[in-house]
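**Student:** Next up is a structure, given as structure tokens.
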Amino acid sequence: MITLALSKGRIFDETLPLLAAAGIEVLENPEKSRKLILPTNRPDVQVVLVRASDVPTYVEYGGADVGVCGKDTLIEHEAEWGINGLFQPLDLQIAKCRMSVAVRADFDYAHAVRQGARLSVATKYTAIAREFFATKGVHVDLIKLYGSMELAPLTGLADAIVDLVSTGNTLKANQLVEVEHIMDISSRLVVNQAALKVKQSQLRPLIQTFTQAVAARAA
Ligand code: PRP
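Given below as structure tokens:
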């Protein structure tokens, strides 16, 4: 049996066509079912639904053989726990977005980030934020949040946020402006290294089909 860890939403939706290229069809809709283990048309493949930030943990410890998660999630996981026994063979080029710094439109960011200044930054992505501002030589007070980051500058909790931006609609709806583009984000295939050896005959073809499907799309 191959177990694939996915998170609901964009990653799940955008992984489906890649699975289809490998002849794998998930037989239940996670938006309608309460099941956490979803069968597929292949008796030897199942999907487990986990929180996005739990995907590396499931794959690393063998709760799943493979998983799909964002580059952001991998960086944060690595900073907190290290990455052991986790092989990253492929950028799937799905769930693309960017990690950015945003502030209130009336906030003088350029002045605030001059060398030696101090800035309060609210984010779920503390490792990425810490590294980014350290490189710029800006001292930051990081405030860890788990969601609705956009509220932080609006309520006076923080000067800035570091968050994912896709369409930019959430920032716009909350009168925030993007002032720095930290990095581009996309989702990666991650594989348990031990599973790659033990289940080689099942996993290698899957990785190969995904690789071809990603290349075909880019062409
Ligand atoms: C992300 C991010 C923003 C939003 C940006 O949240 O945190 O809130 O998407 O998208 P947009 O630029 O297209 O408006 P997500 O919906 O992934 O949920 P989260 O708050 O749990 O991270």
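Going by my numbering, the first residue of the sequence shown is number 19, and it counts up by one from there. In this text, a Cβ means the ideal position worked out from N, Cα and C, and glycines have one as well.
1. In whole angstroms, give me the CA-to-CA distance for residue 176 and residue 142.
2. Any heavy atom of ligand 1 closer than 7 Å to the beta-carbon of residue 71?
3. What residue range does the beta strand (DSSP E) around residue 138 cover?
4. Quick one: any contact between the stretch 111-127 and the stretch 27-36, if contact means 3 or more CB pairs under 8 Å?
5. Would residue 118 pass as a contact of residue 183 if the rule is Cβ separation under 8 Å?
6. Counting Cβ pairs, one atom from each stretch, are 3 or more of them under 8 Å apart for the stretch 196-204 and the stretch 119-138?
7. Does any heavy atom of ligand 1 sit closer than 7 Å to the C-beta of residue 91?
8. Using the C-alpha atoms, what's the distance from residue 166 back to residue 151?
9. Report the residue from 164, 135, 63 and 59 whose alpha carbon sits nearest the alpha carbon of residue 238.
10. Between which two residues does the beta strand (DSSP E) carrying residue 111 extend?
11. Below 8 Å between beta carbons: does that hold for residue 22 and residue 85?
12. The alpha helix (DSSP H) with residue 77 in it runs from where to where?
13. Residue 225 and residue 107 look like a contact to me (Cβ under 8 Å); what is the Cβ gap, rounded to whole Å?
14. Bridge partners of residue 120, per DSSP?
15. Report the rounded CA-to-CA distance for residue 179 versus residue 33, giving the unit in angstroms.
16. Mapping DSSP to helix, strand and coil, what is residue 47?
17. Just the Cα atoms here: how many angstroms apart are residue 48 and residue 188?
18. Between which two residues does the alpha helix (DSSP H) harbouring residue 235 extend?
19. Starting from residue 89 and walking both ways along the beta strand (DSSP E), at which residues does that stretch end?
20. Could you check whether the Cβ of residue 186 sits closer than 7 Å to any heavy atom belonging to ligand 1?
21. Given 7 Å as the limit, tell me if residue 189 has its C-beta closer than that to any heavy atom belonging to ligand 1.
**Tutor:** Working from what's here:
1. Roughly 13 Å between the two C-alpha positions.
2. The answer is no for residue 71.
3. Membership of residue 138 in the beta strand (DSSP E) is indicated by the continuous run 136-141.
4. Yes: the two stretches touch, three or more of their Cβ pairs being nearer than 8 Å.
5. The answer is yes: Cβ separation under 8 Å.
6. With contact defined as three or more Cβ pairs closer than 8 Å, the stretch 196-204 and the stretch 119-138 are in contact.
7. Residue 91: no, Cβ never under 7 Å from ligand 1.
8. Separation of residue 151 and residue 166 (C-alpha to C-alpha, rounded to the nearest whole angstrom) is 21 Å.
9. In the structure as shown, the chain starts at 19 and stops at 237, and residue 238 therefore has no counterpart that could be examined.
10. That residue, residue 111, is in no beta strand (DSSP E); it is neither H nor E in DSSP.
11. Going by C-beta atoms, residue 22 is nearer than 8 Å to residue 85.
12. For residue 77, the enclosing alpha helix (DSSP H) has its first and last residue at 73-78.
13. Confirmed, about 5 Å.
14. Answer is 179 and 196.
15. Residue 179 and residue 33 have their C-alpha atoms some 29 Å from each other.
16. Coil.
17. Roughly 24 Å between the two C-alpha positions.
18. For residue 235, the enclosing alpha helix (DSSP H) starts and ends at 218-236.
19. Residue 89 -> not in any beta strand (DSSP E); alpha helix (DSSP H) instead, spanning 89-99.
20. For ligand 1, at least one heavy atom lies less than 7 Å from the Cβ of residue 186.
21. Result yes, Cβ under 7 Å from ligand 1.
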